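Peer 1: Below is a structure I'd like to ask you about.
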Amino acid sequence: MDYFHRDGGELWCEDARVRDLAARFGTPLYVYSRRTFVEHYRKLETAFADVPHVICFSVKSNGNLGILRTLAAMGAGADVVSGGELHKAMLAGIPADRIVYSGVGKTRSELELAVASGIRSINVENVEELRVLSEVAVALGRRQECSLRVNPDVDAHTHEYLTTGRKENKFGIPLADAVRAARIAASLPGIALTGLDMHIGSQILSPVPYRMALEQVRSVVGNLRAEGCDIRHLDIGGGLAVRYDTEDPMTADQFHDEIIALVRVLGVDLVLEPGRFIIGPAGILVGEVQFVKEAGGKRFVILDAGMNDLIRPSLYGAHHRIEPVVDGTGPLVQTDVVGPVCESGDFLGKDRQLPSLQRGDQVAVFTAGAYGFAMSSNYNQRPRAAEVLVDGAVATLIRRRETFDDLVRAEIDL
Ligand code: LLP
10 MDYFHRDGGE LWCEDARVRD LAARFGTPLY VYSRRTFVEH YRKLETAFAD VPHVICFSVK
70 SNGNLGILRT LAAMGAGADV VSGGELHKAM LAGIPADRIV YSGVGKTRSE LELAVASGIR
130 SINVENVEEL RVLSEVAVAL GRRQECSLRV NPDVDAHTHE YLTTGRKENK FGIPLADAVR
190 AARIAASLPG IALTGLDMHI GSQILSPVPY RMALEQVRSV VGNLRAEGCD IRHLDIGGGL
250 AVRYDTEDPM TADQFHDEII ALVRVLGVDL VLEPGRFIIG PAGILVGEVQ FVKEAGGKRF
310 VILDAGMNDL IRPSLYGAHH RIEPVVDGTG PLVQTDVVGP VCESGDFLGK DRQLPSLQRG
370 DQVAVFTAGA YGFAMSSNYN QRPRAAEVLV DGAVATLIRR RETFDDLVRA EIDL
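When we follow the numbering used here, the leftmost residue of the sequence shown carries the number 10, and every step to the right adds one.
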């Protein structure tokens, strides 16, 4: 579900013409529909209203302050994985007691920032981290609430790079080691072990892996409680899928109904860490056609947007729907939509059926709100795109286009 639609022969974002946005802000341009992500957030809120819970938006999916601020105003928390994400979440006004921090390689200074900020929970991924965290907390005169992130060894049936809960993945503590870790936690003065955490992967279409993982986690909760741990919250991570092409993802209600029985019996506060589900469908990337080239029996539409702006097609072979901003004419032609970056892996879509396109036309790449701008780079010394937030007919620039000066700002010229 999203608020992008076609009317009068062209694409709209809510009540704003995408063509006008491209003219006003230039391309490549990320355009976000506020109504879309607000609704997705609310759908999850409503679905889980029957259990104590907090929805911690996964900042890695989209860390723009304007987006974070909008979600903060609605009561969202944040899931962060670095000091930088923690900094931005707090800058956006997300209260520390609604922030959870996961990640396999937190540095001492990141742990110091997290403890000093008083965040809700640190999701600890190994025993050594428990010891460092305890030292840090004691030095700051604190006792830090934390959760053990366990690895339930479940296949989420997603892209191999997006699965995180199999035993061969680097994430979490093996289930069999959870009790030992809890005993160590109990002996450490800076640690209050009050939760369990899991995150089994991303773009997960089926409830089955969640249920399998939760059944494992449920028995760990029992084991830890038997050890005397006061387990009060359970973080079930993110991972809910969205539709890029023809997938049939779960709705918030379906997800709730599939898992709630397994969670409710535990009598815990629930933490959810959705990223893509909230912001994925709310963003498009708009690029302008620079050239149309026929070569080797193929038609290439070459945009001013490329893999540095949206790397998902190149990195994961991800499919993002592509449409001309203004309805095209003529028969559909098989087309590769590519960028200007000097790599053959620089494409946004291959073998797409698209109408006739010419220099100056614009195209929209859909479902680019999550892991789009967030994973963009300056590769080929390309300034990163601008980002615009649309609310009804009003469009607000929430990140200006980078300039050549930005490209050298952090460098020290000899
Ligand atoms: N929590 C943790 C601990 C995570 O590692 C992640 C994502 C999330 C929550 C949010 O997952 P989501 O609800 O968005 O699926 N770059 C990839 C996605 C990598 C996800 C990494 N972790 C992509 O473009 O598909």
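For glycine and all other residues, C-beta sits at the position ideal for the given N, C-alpha and C. Predicted model, so just to flag it, every value in this text is computed and none were measured.
Just to confirm, are V124 and V145 a CB contact at a threshold of 8 Å?
Peer 2: Here residue 124 corresponds to residue number 115 of the sequence shown, with the count starting at 1. Here residue 145 corresponds to residue number 136 of the sequence shown, with the count starting at 1. In this structure, V145 lies closer than 8 Å to V124 by Cβ.
Peer 1: Between which two residues does the beta strand (DSSP E) carrying E366 extend?
Peer 2: Residue 366 sits at position 357 when you count from the first residue of the sequence shown. The residue asked about is misnamed: residue 366 is Leu in this sequence, not Glu. Note, L366: premise wrong, no beta strand (DSSP E); not H, not E.
Peer 1: Name the two residues that bound the continuous beta strand (DSSP E) containing S126.
Peer 2: Against the sequence shown, residue 126 aligns to sequence position 117. That residue, S126, is in no beta strand (DSSP E); its alpha helix (DSSP H) goes R117 to S126.
Peer 1: Under a three-way DSSP split, which group does D415 fall into?
Peer 2: For the purposes of this step, residue 415 is identified with residue 406 of the sequence shown, where counting begins at 1. In this structure, D415 counts as helix in the three-state DSSP scheme.
Peer 1: Helix, strand or coil: how does DSSP classify L223 here?
Peer 2: The residue given as residue 223 occupies position 214 in the sequence shown. Reduced to three states, the DSSP call for L223 is helix.
Peer 1: If you follow the alpha helix (DSSP H) that S196 is part of, which residue opens it and which one closes it?
Peer 2: As a position in the sequence shown, residue 196 is number 187, starting the count at 1. Note, S196: alpha helix (DSSP H), A187 to S196.
Peer 1: Do you know offhand how far R192's Cα is from G246's?
Peer 2: On the sequence shown, residue 192 is found 183 positions in, with the first residue counted as 1. On the sequence shown, residue 246 is found 237 positions in, with the first residue counted as 1. When rounded, the distance between both Cα atoms is 24 Å.
Peer 1: What does a CB cutoff of less than 6 Å around P198 pick up in its chain, not counting 5 residues either side in sequence?
Peer 2: Taking the sequence shown and counting its residues from 1, the one referred to as residue 198 is at position 189. The beta carbon of P198 sits closer than 6 Å to those of V147, all from its chain and outside the five residues before and after it, given in chain order.
Peer 1: Where DSSP assigns a beta bridge to K307, which residues make up the other side?
Peer 2: Along the sequence shown, one-based indexing puts residue 307 at 298. A304.
Peer 1: Checking the sheet assignment: what are the DSSP bridge partners for L294?
Peer 2: By 1-based counting over the sequence shown, the position of residue 294 is 285. Beta-bridge pairing links L294 to Y39 and V374.
Peer 1: Identify which residue in S386, D355 and R285 has its Cα closest to the Cα of Y258.
Peer 2: Taking the sequence shown and counting its residues from 1, one reaches residue 258 at position 249. Position check: residue 258 holds Pro in this sequence, whereas Tyr was assumed. Nearest C-alpha to P258: R285.
Peer 1: Return the residue from the list G18, D414, L312 and V141 that minimises the CA-CA distance to Q371.
Peer 2: Taking the first residue of the sequence shown as position 1, residue 371 is located at position 362. Nearest of G18, D414, L312 and V141 to Q371, Cα basis: L312.
Peer 1: Taking just the CA atoms, how far does Y170 sit from S211?
Peer 2: Against the sequence shown, residue 211 aligns to sequence position 202. Against the sequence shown, residue 170 aligns to sequence position 161. In this structure, the CA atom of S211 is about 9 Å from the CA atom of Y170.
Peer 1: Secondary structure at S353, three-state DSSP: helix, strand or coil?
Peer 2: Walking along the sequence shown from the start, residue 353 turns up at place 344. S353 falls in the coil class under three-state DSSP.
Peer 1: Got a sec, what are the start and stop residues for the beta strand (DSSP E) L205 sits in?
Peer 2: Mapped onto the sequence shown, residue 205 falls at position 196. Segment I200 to D206, the beta strand (DSSP E) holding L205.
Peer 1: Just to confirm the assignment, what range does the alpha helix (DSSP H) spanning D266 have?
Peer 2: Stepping through the sequence shown from its first residue, residue 266 is reached at position 257. Unbroken alpha helix (DSSP H) run through D266: A261 to R273.
Peer 1: Report the rounded CA-to-CA distance for L243 versus D186, giving the unit in angstroms.
Peer 2: For the purposes of this step, residue 243 is taken as the residue at position 234 of the sequence shown. For the purposes of this step, residue 186 is taken as the residue at position 177 of the sequence shown. Spanning the two alpha carbons is a distance of roughly 18 Å.
Peer 1: Quick one: grab the DSSP three-state call for I76.
Peer 2: Along the sequence shown, one-based indexing puts residue 76 at 67. Looking at I76 - three-state DSSP - the assignment turns out to be helix.
Peer 1: Just to confirm before moving on: does the CB-CB distance between R425 and V301 stay below 8 Å?
Peer 2: Past the boundaries of the shown model lies residue 425; the chain is included only from 10 to 423, so the question cannot be answered.
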